[in-house]
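A.B. asks: Mind looking over this structure? Questions follow.
In my numbering, the protein residues as written are 285 to 454.
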């Protein structure tokens with residue numbers, strides 16, 4: 285065998301581990317970069333979903349408070365007495381809060397394109413039903429509660445979509 289072939293064989297044996305190490309380091313850096321990007325995106329979606337969840341909770345609390353006051357007023361023999369007037373003013377103050385929360389919900393469901401519209405629709409229906417109760421001073425509270433339950437189920441499904449997990453909402 286020619287001597288240059290032996291030298292070539294020796295160099296190949298020497299360079300192979302170096303090439304493998306360099307390629308391994310480059311691949312590891314690339315993988316770490318992808319992991320960091322995925323973690324950053326995941327953190328963003330988690331925080332967005334947390335804010336959406338909090339907004340939905342505030343919305344439900346405001347609707348529940350409005351319903352409780354409406355029920356009290358509808359059961360009251362004197363809904364226009366001092367207490368009734370204070371409670372009616374409280375509802376008037378709640379309305380902008382509820383509308384603001386509904387707007388936040390509509391804005392928040394952007395990362396739940398499949399299930400988000402159902403949340404917005406259920407929120408609008410809850411608002412429409414409670415406003416009708418307020419205007420007419422009577423109505424079916426159970427109908428509003430059914431819509432609230434629909435809102436909660438839709439919100440849970442949208443929250444899961446935002447997080448990229450499967451929800452068994454029924």
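Every residue gets a Cβ at the ideal spot worked out from N, C-alpha and C, and that includes glycine.
This one's a predicted model, so the numbers in the text were calculated from it and none came from an experiment.
Below 8 Å between beta carbons: does that hold for residue 404 and residue 382?
C.D. replies: Taking the chain shown and counting its residues from 1, the one referred to as residue 404 is at position 120. Taking the chain shown and counting its residues from 1, the one referred to as residue 382 is at position 98. The answer is no: Cβ separation not under 8 Å.
A.B. asks: With a threshold of 6 Å on Cβ separation, who are the neighbours of residue 434 within its own chain once the five nearest residues in sequence on each side are excluded?
C.D. replies: The count along the chain shown starts at 1 and reaches residue 434 at position 150. 406, listed in sequence order.
A.B. asks: Expressed to the nearest angstrom, what Euclidean distance is found between the alpha-carbon atoms of residue 342 and residue 399?
C.D. replies: Here residue 342 corresponds to residue number 58 of the chain shown, with the count starting at 1. Here residue 399 corresponds to residue number 115 of the chain shown, with the count starting at 1. Going from the Cα of residue 342 to the Cα of residue 399 covers about 20 Å.
A.B. asks: For the alpha helix (DSSP H) containing residue 394, list its first residue and its last residue.
C.D. replies: Mapped onto the chain shown, residue 394 falls at position 110. Looking at the DSSP string, residue 394 is not in any alpha helix (DSSP H), and its letter there is neither H nor E.
A.B. asks: Here's a check: name, in chain order, each residue in its chain whose Cβ is nearer than 7 Å to the Cβ of residue 432, leaving out the five neighbours to either side.
C.D. replies: Taking the chain shown and counting its residues from 1, one reaches residue 432 at position 148. Once the five neighbours on either side are set aside, the close Cβ partners of residue 432 are 344, 347 and 410.
A.B. asks: Would you check if the distance between the CB atom of residue 338 and the CB atom of residue 378 is smaller than 8 Å?
C.D. replies: In the chain shown, residue 338 corresponds to position 54, counting from 1. In the chain shown, residue 378 corresponds to position 94, counting from 1. No.
A.B. asks: Can you tell me where the alpha helix (DSSP H) with residue 441 in it begins and where it stops?
C.D. replies: As a position in the chain shown, residue 441 is number 157, starting the count at 1. From DSSP, the alpha helix (DSSP H) with residue 441 extends over 425-447.
A.B. asks: Ends of the alpha helix (DSSP H) at residue 286?
C.D. replies: Position 2 of the chain shown, counted from the first residue, corresponds to residue 286. Run containing residue 286: none; DSSP gives neither H nor E here.
A.B. asks: Measure the C-alpha to C-alpha separation of residue 362 and residue 331 and round it to an integer number of angstroms.
C.D. replies: If you number the chain shown from 1, residue 362 lands on position 78. If you number the chain shown from 1, residue 331 lands on position 47. Their Cα atoms are separated by approximately 47 Å.
A.B. asks: I'd like to check one pair, residue 358 with residue 368: are the Cβ atoms closer than 8 Å?
C.D. replies: In the chain shown, counting from the first residue as 1, residue 368 sits at position 84. In the chain shown, counting from the first residue as 1, residue 358 sits at position 74. Cβ distance not < 8 Å, so residue 368 and residue 358 don't count as in contact.
A.B. asks: On the three-state DSSP scale, how would you describe residue 376?
C.D. replies: As a working mapping, residue 376 is identified with position 92 in the chain shown. Helix at residue 376.
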